[in-house]
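This report refers to the structure that appears directly beneath it.
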Amino acid sequence: MTSTPGAVRAFRPARLGTLVVIAWSGEHPDDERDMPFLLAYALGDGDAGPEGTEAATRRLLEDVGLPVGAEYVDAAESAGLPLTLLVEAGQAVLTMPHLSAQCTVPPEWLAAVRDRGHVYVIFATRPWPDAAPGSPVTEDRLRAFVGDEAVLSTAAHCLLPVRQLRG
48 MTSTPGAVRA FRPARLGTLV VIAWSGEHPD DERDMPFLLA YALGDGDAGP EGTEAATRRL
108 LEDVGLPVGA EYVDAAESAG LPLTLLVEAG QAVLTMPHLS AQCTVPPEWL AAVRDRGHVY
168 VIFATRPWPD AAPGSPVTED RLRAFVGDEA VLSTAAHCLL PVRQLRG
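For the sequence shown, our numbering assigns the number 48 to the initial residue and increments by one for each residue that follows.
Written out as structure tokens, the structure is:
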């Protein structure tokens, strides 16, 4: 098989493995109102292991136009960013090319969403294998992972408007 320089390789979700999302809210230091957050991360169980999972996550973020680093992208001001966040019936559903993930959200998160109309999404490139679905994630464990500078500096950050179903 030959490849052409500049040829686009297809993204393989199996390289990413299991994608998990966790929702929480917290006071924003600028205005002292709650900000809804959503953390998306892979478990590191992709078909190439944790290192392959991290590479696949970086590739996915690059493909959708989310830079990795400390700066955030405001999706409301970024035409064509292929990310959506649907909130309905106590669930948040994050959708992007090749995948989607959902989680149950707490009432205070929903209140912050109603107040702000957007969510601050952190898409970690580093796997978090010990935070698998079904195993409880305490506030301290979440704070330790999300507060880790190595996690934050290698993650994509996005302010994403919330969509809701019309009834």
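Virtual Cβ for every residue (Gly too), placed ideally from N, Cα, C. Computed from a predicted model, the values in this text were never measured in an experiment.
- Residue 72 counts as buried, since no fewer than 16 other beta carbons sit within 10 angstroms of its beta carbon.
- Rounded to the nearest angstrom, the Cβ distance from residue 144 to residue 168 is 15 Å, too far for a contact under 8 Å.
- Secondary-structure assignment with DSSP links residue 83 through a beta bridge to 72.
- Judged by DSSP in its simplified three-state form, residue 110 adopts helix.
- Rounded to the nearest whole angstrom, the C-alpha separation of residue 181 and residue 69 is 12 Å.
- When C-beta atoms of the stretch 194 to 203 are compared with those of the stretch 133 to 151, fewer than three pairs fall below 8 Å, so the two segments do not count as touching.
- One Cα belongs to residue 185, the other to residue 176, and the distance between them is close to 15 Å.
- A distance below 8 Å separates the beta carbons of residue 67 and residue 178.
- Secondary structure of residue 193 (DSSP, three-state): helix.
- For residue 155, the enclosing alpha helix (DSSP H) has its first and last residue at 154 to 163.
- Under the 8 Å Cβ criterion, the stretch 122 to 141 counts as touching the stretch 81 to 90, having at least three qualifying pairs.
- For residue 176, the three-state secondary structure derived from DSSP is coil.
- The Cβ neighbour count for residue 118, taken over all protein chains shown within 10 Å, is under 16; the residue is labelled exposed.
- Check the Cα spacing between residue 74 and each of 160, 183, 170, 98: the tightest is with 160.
- Under the three-state reduction of DSSP output, residue 95 falls in the coil class, being neither helix nor strand.
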